[in-house]
Each structure stands twice: as C-alpha cells, then as structure tokens.
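Numbering (numbering that gives the first Met the number 0), first residue to last: 0 to 154. These notes concern the structure reproduced below.
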Amino acid sequence: MALEKTLVLLKPCTVQRALIGEVINRFEKKGLRIAGLKMMQLDDAILREHYAHLVERPFFPGLCASMSATPVIALALEGVDAIEVVRQMAGPTNGRKALPGTIRGDYSVSGQQNIVHASDGPETAAAELKRFFKDEEIFDWATPQQVALYASDEI
Ligand code: IDP
Ligand code: MG
C-alpha cells in the first residue's frame, strides 16, 4: 500500500458530451483527492510523446485528431494505490468490452472514444504527471476526509 498520485485525462469525447462533472464526481465519490485540475489543448507534439507506444499504429492519426478535437481536462488524483484503483475504475480500453460499473463501461461504446486516459503504472504516472502539470500546479492540501477514508495503518 502506498499513497500515490496518478494522471487522468478527460478526453475530448467527454468534454463534448458534457460528462466532465459526472466523471469527476465518480473520482471524488470514490475518495480520491484532487491534487491538480486544469483544461488544456493538446497538440501533436505532446500526443506523440504521450502515446509514443502507439505512433506506428494505423489508428494513430485518428487518435491524435480525436485527442485534440477540443481541450481535455487533466486531473492529478491521489489515494492509496491510486494508479491501480483508477485503472480499475476506468475499465478496459474498449468501451464495448468494459463492464457496466466501470467508467468506460458506463459511458462509452468505442475503442477510441473511451472517456478517460489513466496512467498504467508508477513510472508512467510519474512521467505523465510531469508531462501535464508543473510542480506548482499540484497541491498537497490536507483532506479532512482522510480519517474516514482509510484505517490508520493504511495511510
Ligand atoms: P488505455 O487507454 O486503456 O491505456 P492504450 O493501449 O494505451 O489503452 O491506448 C491508448 C488509447 O489509444 C486508447 O485509450 C484509445 O483511445 C486508443 N486506442 C487504443 N487501441 C485502439 C484501437 O485499436 N483503435 C482505435 N483507438 C485505439
Ligand atoms: Mg495506455
């Protein structure tokens, strides 16, 4: 168990479908602390870096176009094991395969337009938080909910 921060992007499909509040609400209700939050327009340079593992794939140009169609909402979320917790909340990549109860399962029917990006491990989380947030845009405010969210030996 470790207190972690992870990066989430609410994709342009989420912005266009007016689901920003709904999706953020799910993370808040889960008990994740919002350590950073902003709207930003992504360009090809940041997308080639962010999706470096996909640049050779045939769908990459379409992915870039969809990810820059509108600004995204970037979130830095914190909690115990937050990286895994948020990946589980997001569900598998394809919204048609993602189970109901997951964010992708509840709001998406697409393998591309799948509502959220979520960091997939400690190294990517660290790199992605740096990619999307300056140090001073991450806030370590103390949440009074902590005592109700976790047992004392979990945090
Ligand atoms: P992930 O978002 O679940 O981590 P990745 O494999 O890292 O999945 O892919 C990043 C993003 O690229 C996906 O969220 C999705 O938007 C898009 N993508 C992945 N595979 C496909 C595909 O086969 N067709 C179209 N878009 C895809
Ligand atoms: Mg990924």
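By construction, the Cβ of each residue, glycine as well, lies at the ideal position given by its N, Cα and C atoms. Values in this document were obtained by computation on a predicted structure and should not be read as measured data.
If you compare alpha carbons, which of the options is closest to residue i?
i     : options                   : result
Lys37 : Leu148, Phe138 and Tyr149 : Phe138
Lys4  : Pro121, Ala150 and Tyr149 : Pro121
Helix, strand or coil: which one does DSSP assign to residue i?
i      : result
Val108 : coil
Pro99  : strand
Val85  : helix
Leu8   : strand
Ile33  : strand
Glu55  : coil
Met66  : helix
Ala1   : coil
Ala141 : coil
Is it the case that the CB of residue i approaches a heavy atom of the ligand MG more closely than 7 Å?
i      : result
Asp220 : With the chain covering only 0 through 154, there is no way to say anything about residue 220.
Below 8 Å on the Cβ atoms is my contact criterion, and I expect residue i with residue j to pass it. Report the Cβ-Cβ distance as a whole number of Å.
i     : j      : result
Val22 : Thr13  : 6 Å
Tyr50 : Leu62  : 6 Å
Arg86 : Asp134 : Incorrect: roughly 24 Å between the Cβ atoms, too far for contact.
Pro70 : Met39  : 6 Å
Below 7 Å, is the gap between the Cβ of residue i and the nearest heavy atom of the ligand IDP?
i      : result
Tyr106 : no
Thr158 : Outside the displayed range of the chain (0 to 154) lies residue 158, so it cannot be described from this structure.
Phe131 : no
Asp62  : Looking at the sequence itself, residue 62 is Leu, so the reference to Asp does not match. Yes; taking the cut-off as 7 Å, the Cβ of Leu62 has a heavy atom of the ligand IDP nearer than that.
Gln111 : yes
The segment 95-110 contacting the segment 74-84, beta-carbon criterion three pairs below 8 Å: no
Counting Cβ pairs, one atom from each stretch, are 3 or more of them under 8 Å apart for the segment 127-134 and the segment 40-54? yes
Counting Cβ pairs closer than 8 Å, one from the segment 69-77 and one from the segment 23-38, do we hit at least three? yes
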